[in-house]
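J.: Residue numbers (my numbering): 94 to 471. Even for Gly, the Cβ is constructed at its ideal location relative to N, Cα and C.
(1) Exposed or buried, which one is residue 336 when buried takes at least 16 other CB atoms within 10 Å?
(2) Could you tell me which residues DSSP puts in a beta bridge with residue 343?
(3) Let me know the secondary structure DSSP gives residue 104 once reduced to three states.
(4) Among the residues of its own chain, which have a CB less than 8 Å from the CB of residue 359, if the five just before and after it don't count?
(5) Taking the alpha carbon of residue 439 as the reference point, which residue from 424, 103, 192 and 455 has its own alpha carbon closest?
(6) Express the C-alpha separation of residue 271 and residue 394 in angstroms, rounding to a whole number.
(7) Could you tell me the distance, in whole angstroms, from the CA atom of residue 279 to the CA atom of residue 193?
(8) According to DSSP, simplified to helix, strand and coil, what is residue 407?
(9) Three-state secondary structure (DSSP) at residue 315?
(10) Pick out whichever of 348, 380 and 333 has its Cα sitting closest to the Cα of residue 48.
(11) Hey, out of 368, 130 and 411, whose CA is closest to residue 303's CA?
(12) Hey, residue 402 and residue 409 are a contact pair by Cβ (cut 8 Å); roughly how many whole angstroms apart?
(13) From residue 380 to residue 434, what does the alpha carbon distance come to, in whole angstroms?
(14) Let me check one thing: in DSSP terms, what residues is residue 395 bridge-paired to?
(15) What residues match up with residue 338 in a beta bridge as DSSP calls it?
(16) How should residue 262 be labelled, buried or exposed, when 16 other C-beta atoms within 10 angstroms of its C-beta is the threshold for buried?
(17) Tell me, which residues are paired with residue 310 by DSSP?
(18) Check each candidate in 235, 203 and 314 and name the one with the smallest Cα separation from residue 412.
(19) So who's on the other strand from residue 454, going by DSSP bridges?
(20) Of the choices 351, 246, 389 and 318, whose alpha-carbon is the least far from that of residue 416?
(21) Quick one: using the 10 Å Cβ neighbour count with 16 as the cut-off for buried, is residue 254 buried or exposed?
(22) Have a look at 143, 121 and 116 and flag the residue whose alpha-carbon is nearest the alpha-carbon of residue 102.
(23) Cβ atoms of residue 343 and residue 327: under 8 Å apart, would you say?
(24) Take residue 98 and list the residues in its own chain whose beta-carbon comes closer than 8 Å to its own, dropping the five residues that flank it on each side.
(25) Taking C-alpha atoms, which residue in 365, 450, 123 and 420 lies nearest to residue 407?
(26) Does the Cβ-Cβ distance between residue 284 and residue 250 come in under 8 Å?
(27) Is it buried or exposed for residue 268, if we count other Cβ within 10 angstroms and need 16 for buried?
(28) Does DSSP classify residue 426 as helix, strand or coil?
(29) Looking at the unbroken alpha helix (DSSP H) that takes in residue 349, where does it start and where does it end?
(30) Since residue 127 and residue 118 are thought to touch, with beta carbons under 8 Å apart, how far apart are those beta carbons, to the nearest angstrom?
(31) To test your reading of the DSSP string, which unbroken alpha helix (DSSP H) runs of 4 or more residues are found completely within the stretch 228-268?
(32) Beta-carbon within less than 8 Å of residue 419's beta-carbon, same chain only, minus the 5 sequence neighbours each way: which residues are those?
(33) To which residues of the same chain is residue 306 closer than 7 Å at the C-beta, ignoring the five residues directly before and after it?
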């Protein structure tokens with residue numbers, strides 16, 4: 094029977110060479126040295142040629158470097174193997190347990206070990222085995238899965254929690270976590286809302302500022318609250334040419350009907366309807382009722398672009414002034430109090446407030462001046 098020799102480390106070799114040197118110095122023959130060390134003469138000669146001039150510390154360092162090199166080679170080989178496995182999967186994200194199970198199965202079929210395949214995919218081996226055993230047997234949740242799809246078609250905005258409650262009511266006795274897992278495995282989710290293109294009136298009409306009184310009226314809403322927190326809504330109408338505050342309405346709620354009533358009131362008080370009404374795309378302004386009102390006398394509805402209030406700059410400037418001089422300076426008790434305050438301030442604004450753009454005349458004075466000049470010219 095041939096004796097099987099174990100592989101020596103560099104440190105062990107240097108130790109045996111030191112012992113051979115000691116035996117030779119003590120008078121032992123080569124044969125005795127070989128017998129004592131348990132090696133052949135060829136091995137002794139090879140060791141002396143390679144390690145004869147090396148100390149034990151140097152041999153130990155050599156062994157450490159060899160071990161480290163072997164470890165790095167093993168890591169490199171493992172990395173290359175994992176890289177090759179990823180190429181087999183053609184890259185991409187493995188979202189969801191079902192896709193991960195399929196990826197592991199694919200790698201195992203190609204000859205990769207189950208351990209490596211699970212590591213590459215990021216799936217525990219126990220989870221893979223459970224899924225594999227479950228796939229080989231009948232699916233006890235087949236009926237529930239089918240019901241999920243049918244229910245999701247009619248309830249596209251429902252999440253798995255609410256659907257699970259309905260499933261319990263129908264006798265599907267599963268816990269929420271199991272239901273959530275099945276819901277995800279079937280690729281079901283809350284579908285995004287359908288985007289509806291909001292009706293924005295007739296679109297942006299680029300109408301220049303008013304050229305004479307009654308040419309262009311600007312409308313907009315302003316909000317404030319009473320001292321105890323109840324919201325009030327104010328609708329204002331101004332003449333873009335004279336800057337005159339023509340009419341206002343104050344209430345808790347104002348709809349398209351309220352706007353039409355206010356426009357009729359302003360039309361009666363100021364000699365008829367305007368050629369153009371400028372406003373934003375609020376629901377009160379784009380309502381069909383207001384379109385019908387404008388169509389009666391061919392009044393143009395000039396809608397400003399959404400989110401660009403500066404296109405209705407005259408009424409925005411008016412609101413800033415009302416906020417600064419009236420709303421921020423008074424504590425409003427109720428709607429009647431608000432109506433009284435706005436009416437008083439509106440009178441002061443129209444008759445007393447000077448505008449630099451009007452030659453420092455008040456809106457009422459500027460309107461009277463225009464009327465006199467055009468009466469003389471006529």
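T.: So, to answer that:
(1) buried
(2) 327
(3) helix
(4) Within the same chain, and ignoring the five residues on either side of residue 359 in sequence, the residues whose Cβ sits closer than 8 Å to its Cβ are 310, 330, 339 and 340.
(5) 455
(6) Straight-line spacing of the CA atoms in residue 394 and residue 271 works out to 57 Å.
(7) For residue 279 and residue 193, the distance between alpha carbons rounds to 14 Å.
(8) In the three-state reduction of the DSSP assignment, residue 407 falls in the helix class.
(9) Residue state, collapsed to three classes: strand.
(10) Outside the shown range of the chain, which is 94 to 471, sits residue 48, and nothing can be said about it.
(11) 368
(12) Going by Cβ atoms, the distance from residue 402 to residue 409 rounds to 5 Å, so yes, they are a contact pair.
(13) 30 Å
(14) Partner residues in the beta bridge of residue 395, as assigned by DSSP, are 371.
(15) 331
(16) exposed
(17) 332 and 370
(18) 314
(19) 448
(20) 318
(21) exposed
(22) 143
(23) Yes; because the gap between Cβ atoms is below 8 Å, this pair is in contact.
(24) For residue 98, the predicted structure reports a pLDDT of 49, less than 50, and the residue's modelled location is therefore unreliable. The matter cannot be settled from this model.
(25) Among 365, 450, 123 and 420, the Cα nearest to that of residue 407 belongs to 450.
(26) yes
(27) exposed
(28) coil
(29) 349-362 is the extent of the alpha helix (DSSP H) around residue 349.
(30) The pair is not a contact, with the Cβ atoms about 16 Å apart (cut-off 8 Å).
(31) DSSP runs (the alpha helix (DSSP H)) wholly in the stretch 228-268: 235-247 and 253-262.
(32) 434, 435 and 438
(33) For residue 306, where only same-chain residues beyond five positions count, the Cβ hits under 7 Å are 332, 334, 335, 460 and 463.
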